[in-house]
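Positions 1 to 231 (full-length UniProt numbering) are the ones given, in order, by the sequence shown. Where is the CB? At the ideal position from N, CA and C, for every residue including glycine. Structure first, commentary second.
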Amino acid sequence: MGVEIRDAPVSAEEFAAMEEFVHDYLAASVESEDDGGRMRWYPWHSAEYRFNHIRNVVEIASEIASAEGANVHVVRVAAVFHDVAKLEAEQDRHAEAGARVAREYLQSRGEFPDSFIDEVCNVVADHSYQGPLSDVSLETQCLIEGDVLDKVGANGTVLMLLRMGYEARTHMDAAEMVDRVLERGQEHCDRVESDTAESIGHQRLKRVKWFREWLEEEVAGISAESREMEF
């Protein structure tokens, strides 16, 4: 008897179920901690922020995968599981832990081919790799690029401004903080290699630079003499 190969490895309904599982897993990770969650007073360490980050990465990584000829289904599923263990595992082990969670889920729900499961889990396990992206598979590259690009642009700017409030800074520090977003954004953009990721990063950096210029124009006392950055 032959094995039936589905046209689409993951249906919309199956993917929605994966998202729900990841959301609930993150929430349970926070609830299980005695102190109510690691650094819970920073929103980007909360379950809701982490899930929003995951959804952002799904969108960005899928766009890159589609344009660059990668397996979009593998990238989408790997993206939705890539940080599932972020709030319960040590930072340097969360990728491996996430791969284990992904494997358990995919093997126990649905009828996904073993080759598909292996590829997804390999991408999840490798997404924290810090070396050259030429060393990893195209699918892993797409996920890494999507992951770093979510920290570039409006999202990174808003998070930095939120941090100002927690550090009791005033709006007069905004330009300095946005400069940090630009610097870190440029570092992230320097790491990506695909044409699609470079284009996305360039557009996002332009928006942050525009916001920095807007601050200089409208907020009295913010110096326009800060170091010029080229993008």
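At a cut-off of 6 Å, is residue i close to the ligand MN when judged by its beta-carbon and the heavy atoms of the ligand?
i: A67; result: This structure simply doesn't include the ligand MN, nor any ligand for that matter.
Excluding five sequence neighbours on each side, which residues of the same chain lie with their C-beta closer than 7 Å to the C-beta of residue i?
i: A27; result: A47
i: D195; result: none
i: L138; result: E68 and A70
i: I60; result: G146, L149, D150 and I200
i: G110; result: E14
Spatial neighbours of residue i within its chain, please: C-beta separation below 6 Å, excluding the five flanking residues on both sides.
i: H73; result: P9 and V10
i: F112; result: L106
i: G37; result: Note that G37 scores 45 on pLDDT, short of 50, meaning its location in the model is unreliable; the coordinates nonetheless yield the value given after this. Closer than 6 Å at Cβ, skipping near neighbours: V30.
i: H23; result: F51
i: D126; result: V136 and T140
i: M18; result: V80
i: E13; result: none
i: V124; result: A78, F81, H82, G98, A99 and A102
i: Y25; result: V84
i: A95; result: A125, H127 and S128
i: A89; result: A97
Restricting to Cα atoms, I'd like to know which of the options is closest to residue i.
i: D147; options: N71, V178, V208 and F51; result: F51
i: I117; options: S134, A89, L87 and A78; result: A78
i: A16; options: R55, D135, V30 and S29; result: R55
i: T140; options: I64, D190 and V30; result: I64
i: V84; options: S66, G98 and E198; result: G98
i: R180; options: K209, I144, E19 and E119; result: K209
i: M58; options: A154, L143, C189 and Y129; result: The question names Met, yet the displayed sequence has Val at residue 58. Selected option, being the one with the closest Cα: L143.
i: residue 246; options: E183, A197 and E88; result: The question about residue 246 has no answer, for the chain in this structure spans 1 to 231.
i: V192; options: K151, V80 and E119; result: K151
i: L149; options: D126, D190, E104 and C121; result: D190
i: T157; options: R76, E14, A12 and R212; result: R212
i: Y49; options: R76, L159, E104 and V120; result: L159
With burial defined as no fewer than 16 other Cβ atoms inside 10 Å of the residue's Cβ, what is the status of residue i: buried or exposed?
i: D92; result: exposed
i: G131; result: exposed
i: A102; result: buried
i: E187; result: exposed
i: S134; result: exposed
i: A154; result: exposed
i: K206; result: exposed
i: S115; result: exposed
i: E183; result: exposed
i: R76; result: buried
i: E20; result: exposed
i: E104; result: exposed
i: E119; result: buried
i: H202; result: exposed
Looking only at its chain, what residues have a beta carbon closer than 8 Å to the beta carbon of residue i, apart from the 5 residues adjacent to it on each side?
i: E217; result: none
i: E122; result: This sequence places Asn at residue 122; Glu is not what is there. Taken in chain order, the residues that qualify are A99, S137 and T140.
#### Entry: Length-filtered (4 minimum) alpha helix (DSSP H) runs lying within the stretch 195-221
195-218
### Query
Where in the stretch 124-184 do unbroken runs of the alpha helix (DSSP H), each at least 4 residues long, occur, reported from the N-terminal end onward?
138-149 and 154-166
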